[in-house]
Amino acid sequence: MLADGTTRALEIADTRRTRRRGLLGRSSVNGGAMLITRCRSVHTIGMTFAIDVAHLSAAMQVLRLRTMHPGRLGAPVWRSRHVLEADAGSFEAWGLGVGQTVAVAS
């Protein structure tokens with residue numbers, strides 16, 4: 000759930016296989032997002048589109064936001080426990096900012 004009360008489709012990558020695969024082989028996130036658990040850094044090597052990346056604490060608080068273009072290697076954020084990925088521009092459109100808490104509902 001976002002700050003404005005809206006929700007987005009969320010895919011959770013919580014196994015070694017799904018974390019390794021991430022968004023590779025896709026052309027977009029289709030308006031939703033992917034949550035990668037137990038993750039401190041991501042890359043866009045082999046991807047064909049730019050993504051927004053939010054590093055989240057164990058309490059799901061946004062620690063850092065950035066947009067990554069294809070072919071980049073992101074620096075690790077050591078306090079991060081999860082990473083949220085979405086199509087580039089999504090976080091700004093959703094109003095997601097540093098310090099906010101992301102709620103995941105089933």
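Letter 66 of the sequence shown, counting from 1, is numbered 65 in numbering that gives the first Met the number 0, and no numbers are missing. We put the beta carbon where it would ideally sit given N, CA and C, even for glycine.
**Item:** Separation of S56 from I50, as counted between CA atoms
**Value:** Numbered from 1 along the sequence shown, position 51 holds the residue referred to as residue 50. Numbered from 1 along the sequence shown, position 57 holds the residue referred to as residue 56. So the alpha carbons of these two residues sit roughly 19 Å apart.
**Prompt:** Where are the beta strand (DSSP E) runs, 3 residues long or more, that stay fully inside the segment 7–70, in chain order?
**Reply:** 9–12, 32–36, 50–55, 61–67
Margin query: When you compare the CB positions of L83 and A8, do they come within less than 8 Å of one another, or not?
Written below: Mapped onto the sequence shown, residue 83 falls at position 84. Mapped onto the sequence shown, residue 8 falls at position 9. Result no, Cβ atoms of L83 and A8 do not sit closer than 8 Å.
Original post:
Three-state secondary structure (DSSP) at A104?
Top reply: In the sequence shown, counting from the first residue as 1, residue 104 sits at position 105. Three-state DSSP puts A104 in coil, outside helix and strand.
Practice prompt. Confirm, please, whether the CB-CB distance from R71 to T36 is below 8 Å.
Written response: Position 37 of the sequence shown holds residue 36. Position 72 of the sequence shown holds residue 71. Not closer than 8 Å, so no.
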